[in-house]
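Heads up: the sequence shown at position 321 corresponds to 320 in numbering that gives the first Met the number 0, and the numbers run straight through without jumps. Just so you know, even glycine gets a beta-carbon here, dropped at the ideal spot from N, CA and C. First comes the structure, then the notes that go with it.
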Amino acid sequence: MTTNDTNDTNTADTADTGNTGNTAGAGTTTGPASQSPDSYWLASGPGWTGGGTELPRRTGVCVLGAGVMGTTLAYWLARAGERPLVLERNSAPAMGSSGRNAGRMIQGGNAQHALAIEKYGHAEALAIYRATLVNQELTHEVVAREGLRSARFPTAKLDLAVAEDEARELRRTAEALTSDGIAAEWLDRRAAREVFGTDLSDTVLGGLYRPDQDAVHSVAYVRGMADAASRHGAEFVCGITVESVERAADGWIVTTDAGRVHADQVVVALNAWTPRLLPELAPVITPVRGQLVQTAPVSFRIPQWGLDRGLVYGGQAPDGSLLLGGLRNTVPGRDEGVDVPEGGNTPAFSPELAERLAGALPSLLPKTAGVPIVRAWSGVMAFTPDRCPLVGAWPGAEGLWVIAAFNGHGMPYSQVMPEQLAERIRGGRGDGIPAAFDPARFL
Ligand SMILES: Cc1cc2nc3c(=O)[nH]c(=O)nc-3n(C[C@H](O)[C@H](O)[C@H](O)COP(=O)(O)OP(=O)(O)OC[C@H]3O[C@@H](n4cnc5c(N)ncnc54)[C@H](O)[C@@H]3O)c2cc1C
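Put into structure tokens, the structure is as follows:
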């Protein structure tokens, strides 16, 4: 593997177009020899021609950021009869994390269910898990209703154990899920191998199997949601950077590089960029680099998987290629607290991390030895100290809301949290938002 022409200081996305069709590095090396400026999803997804160019002077609800959260929130608000205005810095939706992730929409929160029960208590852990089950139902309904079926792919999830203590933990989660009526089972090594349909490393002891999961083509999904939101009455204005949000006598003033908008209510959906507008959240939100490598297509089908308590994870893209991510913090200080340059979408790409990821794949799946790595990219995640997102009202500031910091795990909430928050914004209860997600816990 060679990394000669990688560039550690490259911020990966200066072209900033809605659809680049970029295939840099494809199929030529056995390592991430050239950094792809775009993710697979951005390179293979649909472009974006929607959205207006004029900034209106007044709006009801102004949503800041057109990632999956801002876009889907606009969809639910518009479906309920509002005409939300979405402001996005890039030229199209899904150019931040939402277009650079692994596309996995896996049930459950950040922690395995047995551990979540210990951390939050049974009722709250179950509320979090159930929210993601509702999310899955909503996703299926919405993609069918809005003509986005081809953006979703059914899959399964296998969390593999290579150490006895991890195997015990996953068995406990299998039992906890089963007793809560959620489909899950512990598979021994042989059964796990059958689910994979290819050889697995001898070090694998078995795994926690959960059927009926989803993956999405991230860019097709988010831009499809943006189109649907627009059809229902949302307005997107892209290519505008929001600079500040200030309270006015009757609502909020949103100042941008293209002028000011007066909004009755404002929702901040800016992921790791949230503290730039809400500095009180700087001590709460840590930007964390996530990075992925992608192989050439392979002939076998595998489920989504996690290994070593999620430290390494992967799955398969619709074209049969394998995605592999993780290995964060294997080098102290490399990935946590990374800087995302002003105006950029990603932290600096790490060739060293890409090398490690590429090297890790054949040791789990021996048949991938020699399969070329064709693409590698990075993105930024927003982590909180308790690994729960921030969804709800900004305390003491009527009409200011936040939906951010999904700790590298936003897709399983990407319909249900926006839908419930839209309900609250419209004066309803929105009681599907777990109490553990309340931003007030930090403020
Ligand atoms: C490598 C990687 C892999 C991942 N894999 C998965 C996965 O498989 N499954 C999963 O559930 N999650 C995954 N995640 C996390 C997931 O991508 C996020 O949780 C989710 O995309 C967050 O959505 P968002 O809308 O909050 O953020 P974003 O998509 O980042 O949206 C924020 C938007 O705000 C815009 N913005 C920022 N500042 C301004 C400003 N001043 N003015 C106007 N607009 C602005 C940005 O341009 C951006 O479009 C992964 C993340 C990474 C980086």
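Worksheet item: Ser320: beta carbon under 7 Å from a heavy atom of ligand 1?
Response: no
Buried or exposed by the 16-neighbour rule on C-beta atoms within 10 Å, applied to Glu234:
buried
- [ ] Indicate whether the contact test is met: 3 or more Cβ pairs, each with one atom in the segment 344-352 and one in the segment 288-305, closer than 8 Å.
- [x] yes
Original post:
Hey, Gly59 and Gln264: beta-carbon distance below 8 Å or not?
Top reply: yes
Excluding five sequence neighbours on each side, which residues of the same chain lie with their C-beta closer than 8 Å to the C-beta of Gly324? Ala101, Gly289, Gln290, Leu291, Val292, Val311, Tyr312, Gly313 and Leu356
Notebook entry, point to check: Ala155 and Pro210 look like a contact to me (Cβ under 8 Å); what is the Cβ gap, rounded to whole Å?
Noted result: 5 Å
When the Cα of Asp256 is compared with those of Ala110, Leu86 and Arg308, which residue comes out closest?
Leu86
Name, in chain order, the residues that DSSP records as bridge partners for Asp187. Gly205
**Message:** Assuming the contact rule is C-beta atoms closer than 8 Å, Glu242 and Trp251 should be a hit. Round their C-beta distance to whole Å, please.
**Reply:** Not quite, the Cβ-Cβ distance comes to about 13 Å (not below 8 Å), so this is no contact.
Open item on the list: Based on DSSP bridge pairs, tell me the residues matched to Gly402.
Closed with: Sequence check: residue 402 is Ile here, not Gly. In DSSP, Ile402 forms a bridge with Val390.
Leaving aside the five residues before and after Ala404 along the sequence, list all residues of the same chain whose C-beta is less than 6 Å from its C-beta, in chain order.
-> Ile284, Ala381, Thr383, Pro388 and Leu389
Met416 beta carbon near ligand 1 (any heavy atom closer than 7 Å)
no
Check your understanding: In chain order, what residues of the same chain have a beta carbon less than 6 Å from the beta carbon of Tyr74, not counting five sequence neighbours either side?
Key -> Met224, Ala227 and Ala228
Legend entry - Among His112, Glu397 and Thr202, the one whose alpha carbon lies nearest that of Arg425: Glu397
Return the CA-CA distance between Tyr39 and Val337, expressed in angstroms with no decimal places. 22 Å
| Quick check: the segment 154-168 against the segment 200-217, are there 3 or more CB pairs under 8 Å? | yes
Query raised in the report: Which residues does DSSP pair with Gly51 in a beta bridge?
Result: Val236
From Val379 to Met94, what does the alpha carbon distance come to, in whole angstroms?
11 Å
Next on the checklist: Once the 5 residues before and after Pro317 are set aside, which same chain residues still bring their CB inside 7 Å of it?
Outcome noted: Phe152 and His216
What's the gap between the Cα of Ala190 and the Cα of Arg300? 15 Å
- Around the Cβ of Asn328, are there at least 16 other Cβ atoms within 10 angstroms (buried) or fewer (exposed)? exposed
* From the DSSP output, read off the bridge partner residues of Tyr74. => Note: Tyr74 sits in no beta bridge, so no partner.
(message) By the three-class DSSP mapping on this structure, what secondary structure does Gln106 have?
(response) coil
Could you pull the DSSP bridge partners for Gly429 from this structure? Answer is none; Gly429 lacks a bridge partner.
Taking only the alpha-carbon atoms, compute the straight-line gap between Gly391 and Ser149 and give it to the nearest angstrom. 31 Å
For Arg275 and Thr48, the rounded distance between their alpha carbons:
28 Å
message: Per DSSP, what are the beta-bridge partners of Gln449 in this structure?
response: Nothing about residue 449 can be read from this structure; the chain reaches only from 0 to 442.
Quiz item: Out of curiosity, what's the CA-to-CA distance linking Thr367 and Leu360?
Solution: 7 Å
| task | Report the option in Thr52, Ile105 and Val266 whose CA atom is closest to the CA atom of Leu76. | result | Val266
So does Leu291 have its beta carbon nearer than 7 Å to some heavy atom of ligand 1? yes
Looking at the secondary structure, which residues open and close the beta strand (DSSP E) in which Arg88 lies?
From DSSP, Arg88 is part of no beta strand (DSSP E); its letter is neither H nor E.
Note to self: Within the continuous alpha helix (DSSP H) that includes Thr97, where are the two ends?
What the structure shows: According to the sequence as given, residue 97 is Ser; it is not Thr. Neither: Ser97 is in no alpha helix (DSSP H) and is coded neither H nor E.
TODO: Run the proximity test for Thr58: is its beta-carbon closer than 7 Å to any non-hydrogen atom belonging to ligand 1?
DONE: no
Query - Buried versus exposed, by CB contacts within 10 Å (16 or more), Glu165 - result: buried
Sorted by chain position, which residues of the same chain lie with C-beta nearer than 8 Å to Ala439's C-beta, five sequence neighbours on each side aside? Gly391, Ala392 and Pro394
Item to complete: Check whether the Cβ of Ser243 sits closer than 7 Å to any heavy atom of ligand 1, and report yes or no.
Response: no
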